[in-house]
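J.: Next up is a structure, given as structure tokens.
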Amino acid sequence: MNLKRRPQMIDPGTALVFSIDFQDKILAAVEDRDEVIAQAASFIRVARMADIPVLRLEQNPDRLGPTTDLVREALGDSQVYSKMTFSALRTPEVESAVRALRRDQFILLGVEAHICVAQTALDAVAMGYEVYVLQDASSSVKAFDRKLAMERMRQAGAVITTAQAAAFEMVGAAGTPLFRQAQPVLKNL
């Protein structure tokens, strides 16, 4: 039986990851900070193993600093995009990179969920992209803001999922070289 990927399932050949604003000055007050950082770093590692491009986004890095160490290590040599806009897709360099990569599934994770993650997701949905938001790898300072952001993005058409569920969709099957490579990371998601 030859099944094509169903809609609303991540396909490594068409996916693009947005690592949004994992900067220490923002993360300092974020709910579940350590868990969110750990989930993000692990997910990014699996995405890179699956050869999915990852955009590293930093909000006003001159004031808010660089990406936090654990996430930065997972990102490796991923291109850094500095932005002042809350929606990453309203930053010309990001918009150009997205067009050049020609991917139609966006996987979003980051902080704050109700600001930069939500605005990027809402713009992406409006532009016709298939959007996935990793709830356990995204957060806000206030739990209520995070909860409402997830509800709003879901209502707009984004798929709200977890880092583990998304990672297993990217890997696709046990027993493959990718699965064996990713297995130690998958166990920690």
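FYI, the numbering for the sequence shown is 21 to 209, going by the working numbering. Just so it is clear, CB atoms sit at the ideal spot from N, CA and C, and this is done for glycine as well. Quick caveat, the model's predicted, so the values are computed rather than measured.
1. Find the nearest neighbour of leucine 77 within the set Ser107, Leu47, Ser102 and Ala169, judged by alpha-carbon distance.
2. Cβ of phenylalanine 63 within 8 Å of Cβ of alanine 141?
3. Nearest-angstrom Cα distance between glutamate 93 and lysine 207?
4. I believe phenylalanine 42 touches leucine 75 by the beta-carbon criterion, under 8 Å. Please report the beta-carbon distance rounded to the nearest angstrom.
5. Decide if arginine 122 is buried, meaning its Cβ has at least 16 other Cβ atoms within 10 Å, or exposed.
6. If you count every other CB in all the chains shown that lies within 10 Å of the CB of glycine 130, and 16 or more means buried, which is it?
7. Using the C-alpha atoms, what's the distance from valine 118 back to alanine 169?
8. Alpha carbon to alpha carbon, how far is alanine 185 from valine 137?
9. Please state the DSSP three-state secondary structure of phenylalanine 188.
10. Can you give the Cα-Cα distance for alanine 178 and glutamate 150, rounded to whole angstroms?
11. Enumerate in chain order the residues of its own chain whose CB-to-CB distance from glutamate 189 is below 6 Å, with the five nearest sequence positions on each side excluded.
12. If you measure from the CB of phenylalanine 38, is any heavy atom of the ligand FMN nearer than 7 Å?
13. Which of the three DSSP states is assigned to arginine 76 in this structure?
T.: Reading off the structure:
1. Considering only alpha carbons, the answer is Ser102.
2. Taking C-beta atoms as the reference points, phenylalanine 63 and alanine 141 fail to come closer than 8 Å.
3. Separation of glutamate 93 and lysine 207 (C-alpha to C-alpha, rounded to the nearest whole angstrom) is 19 Å.
4. Contact annotation, phenylalanine 42 with leucine 75: C-beta distance approximately 12 Å; criterion of less than 8 Å not satisfied.
5. In the assembly as shown, arginine 122 is an exposed residue. Its beta-carbon has fewer than 16 other beta-carbons within 10 Å.
6. Glycine 130 sits buried, since 16 or more C-beta atoms from the chains shown fall within 10 Å of its C-beta.
7. Approximately 23 Å, taken between the alpha carbons.
8. A direct Cα-to-Cα measurement between alanine 185 and valine 137 gives close to 19 Å.
9. Here phenylalanine 188 carries a helix assignment [DSSP, helix/strand/coil].
10. Those two C-alpha atoms are separated by around 7 Å.
11. Cβ within range, chain order: Met29 and Ile30.
12. Among the ligands in the structure shown, none appear at all, so the ligand FMN cannot be discussed.
13. Strand at arginine 76.
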